[in-house]
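Below: the structure, in structure tokens.
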Amino acid sequence: MSKIVRLRNVCLWALLGLLLSWLLSCQSNPSSSQEIEFWTMQLQPQFTQYFNELIATFEKENQGVKVRWVDVPWEAMENKILSAVSAKTAPDVVNLNPNFASQLATQDAWLDLNKQLTTENKQQYLPKIWQASTINNISFGIPWYLTTRVTIYNKDLLAKAGISEPPKTYEELAKVAAQVKEKTGKYAFFITFVPGDSAEVLESLVQMGVKLVDEKGKAAFDTPEGVAAFKYWVDLYQKELLPPEVLTQGHRYAAELYQAGETALLASGAESFQTIENNAPNIAQVSAASPQISGKTGKKNVAVMNLTIPRDTDKPEQAVKFALFVTNSANQLAFAKAANVLPSTEEAVKEYIKELDKGGNAIPIEQARRVSATQLKDAEILVPAMKNLNQLQKAIYENLQAAMLKEKTVEQAVKDAAQAWNSR
Numbered sequence: 092m093s094k095i096v097r098l099r100n101v102c103l104w105a106l107l108g109l110l111l112s113w114l115l116s117c118q119s120n121p122s123s124s125q126e127i128e129f130w131t132m133q134l135q136p137q138f139t140q141y142f143n144e145l146i147a148t149f150e151k152e153n154q155g156v157k158v159r160w161v162d163v164p165w166e167a168m169e170n171k172i173l174s175a176v177s178a179k180t181a182p183d184v185v186n187l188n189p190n191f192a193s194q195l196a197t198q199d200a201w202l203d204l205n206k207q208l209t210t211e212n213k214q215q216y217l218p219k220i221w222q223a224s225t226i227n228n229i230s231f232g233i234p235w236y237l238t239t240r241v242t243i244y245n246k247d248l249l250a251k252a253g254i255s256e257p258p259k260t261y262e263e264l265a266k267v268a269a270q271v272k273e274k275t276g277k278y279a280f281f282i283t284f285v286p287g288d289s290a291e292v293l294e295s296l297v298q299m300g301v302k303l304v305d306e307k308g309k310a311a312f313d314t315p316e317g318v319a320a321f322k323y324w325v326d327l328y329q330k331e332l333l334p335p336e337v338l339t340q341g342h343r344y345a346a347e348l349y350q351a352g353e354t355a356l357l358a359s360g361a362e363s364f365q366t367i368e369n370n371a372p373n374i375a376q377v378s379a380a381s382p383q384i385s386g387k388t389g390k391k392n393v394a395v396m397n398l399t400i401p402r403d404t405d406k407p408e409q410a411v412k413f414a415l416f417v418t419n420s421a422n423q424l425a426f427a428k429a430a431n432v433l434p435s436t437e438e439a440v441k442e443y444i445k446e447l448d449k450g451g452n453a454i455p456i457e458q459a460r461r462v463s464a465t466q467l468k469d470a471e472i473l474v475p476a477m478k479n480l481n482q483l484q485k486a487i488y489e490n491l492q493a494a495m496l497k498e499k500t501v502e503q504a505v506k507d508a509a510q511a512w513n514s515r
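Taken in order, the sequence shown gives residues 92 to 515; the numbers are from the working numbering.
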């Protein structure tokens, strides 16, 4: 009997030992405590190798920290991150654009990076680009990669219209539009007025000197400058210098028309050259790039992708460290070259232009990249981060359409757009 008791005691102590070891293990290595989740937008499979190597390097330099990378389709990201933030299951680092991220920033969804980063951290990035992810003096995103629009133009079509240089201003653009239509029967360019699509028209108002909202968030465009900007677009449409589809088709249609040789100009990123070469090699052969068209302000648009960190993350230190690693100058430069985009740190931009200059800009896409990169000194987010930005665009676009279709005067369209925004 004593042997049985001793054996039972031995087993009991062994079981208790295993249980104690398991409990201690759980305490020293909480479930997923050293794993951070990182979401990007539609970067697989093209950049899978880049990110696998990037993550491996980070994990090697930060022993014990693991990164789980999740790539989300572009069209699914907004709903997915909204659901995750609401359910408090958001990733630790997420790739968004400032306009959408700002909507959640007004709901206090993101970590306040002013409390997480040093002045030295922030000064690495282009100042105007850093401001793109700031609202009410709170920084909610770290700049990552950028694109600026360039004007891709069809040299042959412009030559047939008797035009030697592409337009640089909206004033010149109106003259070119009339000349191209008269001489060739084609349109100079396409720009969309569909409310839920590109914000290019909204940005053009800013470039023309229009202030969209005041410090209190009220409409500030019911001014002589606002009326003049509305009239500019209304006149072009009513003179039939814009394709009628500008009221119904989105920005993608602009690329389709250009590739078909039906328009002389395309406002797009430098990377669009590759698409044109693939889809319309004959058009690509007669295409070149010039700076983005602007108004009297000389301002130029930049599109920003950033990295945000949800306020509810339980790993803020690791998340911030990883976001700074992804966006440091060396890694930004490597990704910019791989993805045909622009970096957002001062050092990386200088190196990027330096390397392009070494190549001599021999091929059109390299020339377009240089034009795009050198514009960064004048580039900024033309429409600042604000709550309900989509409603502002909707009010302006719908009233512009009404004026184009002669349902309202230009003056009434401006007033109605301002009223729609103020009474939302």
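We put the beta carbon where it would ideally sit given N, CA and C, even for glycine.
Check: DSSP state of V292, grouped into three classes?
Finding: helix
Check: Any chance the segment 347 to 354 sits against the segment 198 to 213, with 3 or more Cβ pairs inside 8 Å?
Finding: no
Notebook entry, point to check: Per DSSP, D162 is paired with what?
Noted result: T131
Next item on the list: Assign K390 to one of three DSSP states: helix, strand, or coil.
Entry: coil
Note to self: How far does the alpha helix (DSSP H) with A509 in it extend, from its first residue to its last?
What the structure shows: 501 to 513
Checklist line | Backbone secondary structure at L496 - three-state DSSP | finding: coil
Item checked: Cβ-Cβ distance between A311 and K302 below 8 Å -> yes
Next item on the list: Select from I226, L338, Y216 the residue whose C-alpha is nearest the C-alpha of Q194.
Entry: I226
Note to self: Would Q383 and T239 qualify as a contact pair, given that the criterion is a beta-carbon distance under 8 Å?
What the structure shows: yes
Item checked: Per-residue DSSP class, three states only, for A58 -> In this structure the chain extends from 92 to 515, so residue 58 is not present and cannot be described.
Check: Do M495 and Q340 come within 8 Å of each other at the CB atom, strictly closer than that value?
Finding: no
Next item on the list: Out of E362, Q482, K390, state which residue places its alpha-carbon closest to the alpha-carbon of R461.
Entry: E362
Item checked: Residues near L249 by beta carbon distance below 7 Å, same chain, minus five either side -> P257, A355
Item checked: Closest by C-alpha distance to T415, when choosing among N397, L237, E368 -> In the sequence on display, residue 415 carries Leu and not Thr. Of N397, L237, E368, the residue nearest in Cα terms is N397.
Check: Is there contact here, the segment 259 to 275 with the segment 417 to 435, by at least three beta-carbon pairs under 8 Å?
Finding: no
Note to self: Could you give the first and the last residue of the continuous alpha helix (DSSP H) run that contains A192?
What the structure shows: 189 to 196
Next item on the list: Go to P475, then tell me how far its alpha helix (DSSP H) extends in each direction, as first and last residue.
Entry: Here P475 belongs to no alpha helix (DSSP H), and DSSP marks it neither H nor E.
Margin query: What does the alpha-carbon distance come out to for the pair G471 and T283?
Written below: Position check: residue 471 holds Glu in this sequence, whereas Gly was assumed. About 21 Å.
Check: What number of angstroms, rounded off, separates the C-alpha of L179 from the C-alpha of Y488?
Finding: The sequence as given places Lys at residue 179; Leu does not occur at that position. Approximately 35 Å between the Cα atoms of the pair.
Next item on the list: Whole angstroms is fine: what's the gap from S420's alpha carbon to W512's?
Entry: 40 Å
Margin query: To the nearest angstrom, how far is the alpha carbon of P189 from that of K266?
Written below: 35 Å
Margin query: Taking the alpha-carbon of L133 as reference, which of A167, V292, N479, D247 has the nearest alpha-carbon?
Written below: For the sequence presented, residue 133 should be read as Gln rather than Leu. With distances taken between Cα atoms, Q133 lies closest to A167.
Note to self: Applying the 10 Å Cβ sphere with the 16-neighbour rule, what's the burial state of V163?
What the structure shows: buried
Notebook entry, point to check: At which residues does the alpha helix (DSSP H) containing Y349 begin and terminate?
Noted result: 343 to 350
Note to self: Which residues does DSSP list as the beta-bridge partners of W201?
What the structure shows: P401
Next item on the list: Check whether the Cβ atoms of F413 and Y344 sit closer than 8 Å, and answer yes or no.
Entry: no
Item checked: Where V241 sits in the DSSP three-state scheme -> strand
Notebook entry, point to check: What is the rounded straight-line gap between the Cα of E502 and the Cα of P407?
Noted result: 50 Å
Check: Which stretch, first to last residue, makes up the alpha helix (DSSP H) that contains S363?
Finding: 363 to 370
Next item on the list: With a threshold of 16 other CB atoms inside 10 Å of the CB of P315, please say whether the residue is buried or exposed.
Entry: exposed
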